[in-house]
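2 protein chains.
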Amino acid sequence: MPDIGQPAASSDRLLGAGTEDVRRRNLSALLRHVHVRGPSSRSELTVATGLNRSTIATLVAELMARGLVRERLPDPRGAPGRPSPLVEVRHDGVAVLATEIFADSLAAAVVGLGGRVLAHRRVDRTRAWRSPEATVAELAGVARALIEDGPPERRIVGVGVTVAGLVRLADGFVAIAPPLGWRDVALASLVRSALPIDAPVHVGNDADLAALAEHTRGAGAGQDDFLLLWGEVGVGGGIVANGRAVLGRTGYAGEVGHLPVDPEGAVCPCGSRGCWETRVGEDALLRLAGLSDRPDARQAVDEVLAGAAAGDARALAAVSEVGRWLGIGLAGLVNVLAPGRVALAGVLARLYPHVREVVARELDRRVMAAPRADIEIVAAELGAEGPLLGAAELAWSPILDDPTTVPVLVTGREGRSWRRSRAMEEVMPGRPR
Amino acid sequence: MPDIGQPAASSDRLLGAGTEDVRRRNLSALLRHVHVRGPSSRSELTVATGLNRSTIATLVAELMARGLVRERLPDPRGAPGRPSPLVEVRHDGVAVLATEIFADSLAAAVVGLGGRVLAHRRVDRTRAWRSPEATVAELAGVARALIEDGPPERRIVGVGVTVAGLVRLADGFVAIAPPLGWRDVALASLVRSALPIDAPVHVGNDADLAALAEHTRGAGAGQDDFLLLWGEVGVGGGIVANGRAVLGRTGYAGEVGHLPVDPEGAVCPCGSRGCWETRVGEDALLRLAGLSDRPDARQAVDEVLAGAAAGDARALAAVSEVGRWLGIGLAGLVNVLAPGRVALAGVLARLYPHVREVVARELDRRVMAAPRADIEIVAAELGAEGPLLGAAELAWSPILDDPTTVPVLVTGREGRSWRRSRAMEEVMPGRPR
């Protein structure tokens, strides 16, 4: 069958490829392969990319010169004959800084190629509305400590920020972040000014970035059509279709918590009525269980789930009702998107084992047999770290697209250093001193 | 900002490009450009593809040799100096056959490059359940007449079929087609056996193909994030995200008519309750207007709309109520997909001018300000011909992806003919005699 998935007018299919484009594209294909799939022999790389061995050799040499990959002999056990060297990413050269801004916590991590977390720090805080400036200053403190503790030869080449809000992709502007009480915040600029790193700053929505992380190396790996549901107080969605994140025209897609499933139902914090998140998520469960007033919502949820498991009637009824609405909304999303796999994170992941049958019943009832047979519902694998790891993938993305933006390494009297080049200046003119 | 839309693990980004791949990709880029954008000067092509002039010249020569494009001098009026020749598609060489299987009609069209309809025939029929075999035999009759009336040197290189059902993309198998009363029909095989053409047969869902056509050269042109709503008895959706059709894992995405907007509401023909299409579409409007028993549903809808325009209270109430539900479901889809443009087709397009304000009110209420500001609602431009034109684009797709599958033309004593090559045999060993 032809690729109906690629309509004729798709802009990226109209672009031709010159020699330089091809070299960059091949370097990108190779680096992505070892970044996503891990250490690979040259033979594996020829199969995976369709390129011949001599081209692979040239490309690997270039990535090595830029300090992005190295070759090593595999573990010699077992295989007879001369072992074929493995190409693998290096963690001692460039890295990215991933940061997280949630209502309950701030976090930062230094992440190497291959998604390796080299350093990580999370700071819990009480839920209270703080100004974007104060929050970013606190975040910068967390990040600075991580960077200063790291080896001096490490270079931060990109910064990713995950935030619980609607993010305009073009410039990392946050249109609204309800859990933080923010509206119209130029977050990418704020973070860039606050950090002692002169690298591009990229901002994404928490559910979108959790989906990116799960798709790259978690529950969505290898799934071209994938949906992640991120449920805490509200419910957000991260959608992958045709192997790419679906973010909408400006970046605001995935607000699945605001599907109208009960249009004249309960008032939603968004101002509408009967949004899906008024029926699923923490608040709905605690309200049904009669525990709305508990300040420790997470622990209260665990108590309701434990109560249901122990046969407590009110807890069982609450869990079952939330499960029914989980199935109803999920049925709508499956009818629209028909993904192969749906991963649940947060409170939805904790709830799901208790409501598996109720959810299945709603899906059976509301989704036609053929798409119904496609759906697999699983727990997200990266859990609460998903958004932060997705922020790292977001920050890596431009390097993976064009590895030539990382300059060639030179070895001098003082050991290895980065060659000062124009490209170098662009990447990190203001590196931490 | 990096392209968050392209997660690292996307399979098509891992593939490298060898020399032959690059040539094919560039031929594809060039042919797509003139197919979608129309006649283009070589300068325009260099700008559009990023390739240099000599590469463009070589590629154009190859496409000319295959009978796909030609060069002509532009209209001389106005511009001083020597005019630059335009590259444009040829309509006298290869063409595709597009066919349509609806409950009310069968249609076929011979469509050239550039989407030019070279011949077209539609046969209305009464709504009644017929076997797939009988329907395909009737369709083959319609198509055969068109092909036999065409010039003998024309070659049909692909067949597209649009059908009102859930289509498995991999093999054109129809899982279910409620308006036709079909279930589990190997439609691509059936059509292939019934036609006197040995070319690949590709099957797609009507709303998906209408979206493809509108995206290629209609209301969705240039829109990377686009939604088409196809409303008649039910409501189907065609989704484009990141410039590509969103079809789901197997092909079943876009069943937006089965969004549960009123979960314990009216029974839907799908077996569920409260699906969106029980609240919008022909049946809902006629039921509310008290005209459910009319056999001429289309005309009855027009009477309700005329009644509303003339101030008839019952018609106004019916139209307004359907409009409100149109807004509710649309709000859900905008929250999930955040497209830049939504195009309405069928009964929804006829209804919309009467309910513009009601729809806007629901969107204002149920979509946050930032995504709300992105949405533009328009009428589909290709109307009822959308699915058939989309079937043509579907059939063109493999040729546009790899123009080298069309063999080189040779000129002999009997005029121009196709060189007999292996590729040629593959394309049309059983051409109509």
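In order, the protein sequence lines correspond to chains A and B. Once you know that position 286 of the first sequence is 286 in our numbering, the rest is easy, because the numbers rise by one and skip nothing. Just remember that our numbering sits 1000 ahead of the position in the second sequence, which is counted from 1. Glycine included, C-beta positions come from ideal geometry on N, C-alpha and C. It should be emphasised that the depicted structure is a prediction, and the values quoted were computed from it without experimental measurement.
Helix or strand or just coil, what does DSSP make of Val1396 of chain B?
-> Before going further, note that residue 1396 of chain B is Trp rather than Val in the sequence given. Assigned with DSSP and collapsed to three states, Trp1396 of chain B falls in helix.
Check your understanding: Looking only at C-alpha atoms, which of B:Ala1210, B:Ala1103 and B:Ala1170 sits nearest to Ala1384 of chain B?
Key -> Measuring C-alpha to C-alpha distances from Ala1384 of chain B to each of B:Ala1210, B:Ala1103 and B:Ala1170 identifies B:Ala1210 as the nearest.
Please state the DSSP three-state secondary structure of Ile1147 of chain B.
Note: Ile1147 of chain B maps to helix in three-state DSSP.
Problem - CB of Leu139 of chain A within 8 angstroms of CB of Thr99 of chain A, strictly - result: Yes, the Cβ-Cβ distance between Leu139 of chain A and Thr99 of chain A is below 8 angstroms.
Exercise. Helix, strand or coil for Asp1184 of chain B per DSSP?
Worked result: Reduced to three states, the DSSP call for Asp1184 of chain B is strand.
* Asked: Interface residues of chain A around Thr1404 of chain B at Cβ under 7 angstroms?
  -> Going along chain A, no residue has its Cβ under 7 angstroms from Thr1404 of chain B, so there is no contact; the nearest lies around 15 angstroms.
Cβ of Arg372 of chain A versus every heavy atom of the ligand FAD: is any distance shorter than 7 angstroms? The ligand FAD is not part of the structure shown, which contains no ligands of any sort.
(Q) Using the three-state DSSP reduction, which class does Ile1156 of chain B fall into: helix, strand or coil? (A) For Ile1156 of chain B, the three-state secondary structure derived from DSSP is strand.
**Asked** Using a Cβ-Cβ cut-off of 8 angstroms (strictly less than) and excluding sequence neighbours within five positions of Val1261 of chain B, which residues of its own chain qualify?
**Response** Sequence-distant partners of Val1261 of chain B (beyond 5 residues in either direction) whose C-beta falls short of 8 angstroms from its own C-beta, in its chain, are Gly1274, Cys1275, Trp1276, Arg1279, Trp1325, Ile1328, Gly1329 and Gly1332.
*Just list the alpha helix (DSSP H) runs in the region 268-307 of chain A, keeping only unbroken ones of 4 residues or longer that don't cross its boundaries, in chain order.*
Every alpha helix (DSSP H) of 4 residues or more that sits fully in the region 268-307 of chain A is shown, in chain order, as 282-288.
Worksheet item: Between which two residues does the alpha helix (DSSP H) harbouring Ala207 of chain A extend?
Response: Note, Ala207 of chain A: alpha helix (DSSP H), Asp206 to Arg217.
Notebook entry, point to check: Using 8 angstroms as the limit for Cβ to Cβ distance, is Met64 of chain A near chain B?
Noted result: Not one chain B Cβ lies under 8 angstroms of Met64 of chain A.
(request) Please list the partners that Tyr252 of chain A has in chain B, where partner means a Cβ-to-Cβ separation under 8 angstroms. (result) Within 8 angstroms Cβ-Cβ: Ala1338, Met1368, Ala1370, Pro1371 and Asp1374.
His33 of chain A and Ser41 of chain A - do their beta-carbons sit closer together than 8 angstroms? No, the Cβ-Cβ distance between Ser41 of chain A and His33 of chain A is not below 8 angstroms.
### Task
Starting from Asp1225 of chain B, find everything on chain A with Cβ-Cβ shorter than 7 angstroms and list it in chain order.
In chain order: Gly248 and Arg249.
Based on the DSSP secondary-structure assignment, which residues constitute the bridge partners of Arg341 of chain A?
-> Answer is A:Phe226 and A:Glu376.
Of the residues A:Ala338, A:Val22, A:Ala306 and A:Ser54, the one placed nearest Ile375 of chain A, counting alpha carbons only
The closest CA to that of Ile375 of chain A, considering only A:Ala338, A:Val22, A:Ala306 and A:Ser54, is found on A:Ala338.
Exercise. Taking all protein chains shown into account, decide if Glu1133 of chain B is buried (16 or more other Cβ within 10 angstroms of its Cβ) or exposed.
Key: Taking all protein chains shown into account, Glu1133 of chain B has fewer than 16 neighbouring C-beta atoms within 10 Å of its C-beta and is therefore exposed.
What did DSSP end up calling Val1261 of chain B once you bin it into helix, strand or coil?
-> Coil, per DSSP.
Quiz item: So, are the CB atoms of Val304 of chain A and Ala343 of chain A less than 8 angstroms apart?
Solution: Contact: no.
Note to self: Am I right that Val201 of chain A and Val191 of chain A are in contact with their C-beta atoms under 8 angstroms? What's the rounded C-beta distance?
What the structure shows: Between Val191 of chain A and Val201 of chain A the Cβ distance is about 5 angstroms, and since that is below 8 angstroms, they are a contact.
query = For Leu1063 of chain B, which residues of its own chain have a beta-carbon under 7 angstroms away from its beta-carbon, when the five flanking residues on both sides are left out?
reply = Excluding positions up to five away in sequence, the list reads Leu1027, Leu1030, Leu1031, Val1069 and Pro1403.
Practice prompt. Using a Cβ-Cβ cut-off of 8 angstroms, state whether Pro132 of chain A counts as contacting chain B.
Written response: It does not; no Cβ of chain B falls within 8 angstroms.
* C-beta contact flag for Leu1288 of chain B and Glu1321 of chain B at 8 angstroms -> When the beta-carbon positions are compared, Leu1288 of chain B and Glu1321 of chain B come within less than 8 angstroms of each other.
*asked:* Using 8 angstroms as the cut-off, can you tell me whether the region 1223-1239 of chain B makes contact with the region 221-232 of chain A, which would need three or more C-beta pairs spanning the two stretches below that distance?
replied: Output reads no: the region 221-232 of chain A does not touch the region 1223-1239 of chain B.
(Q) If contacts are defined as beta-carbon pairs under 8 angstroms, then Leu166 of chain A and Ala1370 of chain B qualify, I think. What distance do you get, rounded to the angstrom? (A) Sure, about 5 angstroms apart at Cβ, within 8 angstroms.
According to DSSP, simplified to helix, strand and coil, what is Glu71 of chain A?
Strand.
| message | Please classify Thr250 of chain A as buried or exposed, where buried requires at least 16 neighbouring CB atoms within 10 angstroms. | response | By the 10 Å Cβ count, Thr250 of chain A comes out buried.
Does Ser1011 of chain B come out as helix, strand or coil in the three-state DSSP assignment?
Low per-residue confidence applies at Ser1011 of chain B: pLDDT is 39, beneath 50, and the placement is therefore not dependable enough to give any value.
Q | Per-residue burial, Ser1054 of chain B [other beta carbons within 10 Å of its own, 16 or more giving buried] | A | Exposed, because fewer than 16 other Cβ atoms sit within 10 Å of the Cβ of Ser1054 of chain B.
Between Ala391 of chain A and chain B, is the shortest Cβ-Cβ distance under 8 angstroms, so that the two count as touching? For Ala391 of chain A, the closest Cβ of chain B is not nearer than 8 angstroms.
Min CB distance Glu44 of chain A to chain B below 8 angstroms: So no, Glu44 of chain A is outside the interface.
Worksheet item: Using a beta-carbon distance below 8 angstroms, is His258 of chain A in contact with chain B?
Response: Residue contact check for His258 of chain A against chain B: a CB pair falls below 8 angstroms.
I think Glu1264 of chain B touches Asn335 of chain A, with their Cβ atoms under 8 angstroms apart; what is that distance to the nearest whole Å? In this structure, Glu1264 of chain B and Asn335 of chain A do not form a Cβ contact; the two beta carbons are roughly 17 angstroms apart against a cut-off of 8 angstroms.
Should Asp1208 of chain B go down as buried or exposed, given a rule of 16 or more other Cβ atoms within 10 Å for buried?
So Asp1208 of chain B ends up on the buried side.
| task | Would you decide whether Thr126 of chain A is buried or exposed? Buried here means 16 or more other CB atoms lie within 10 Å of its CB. | result | Exposed.
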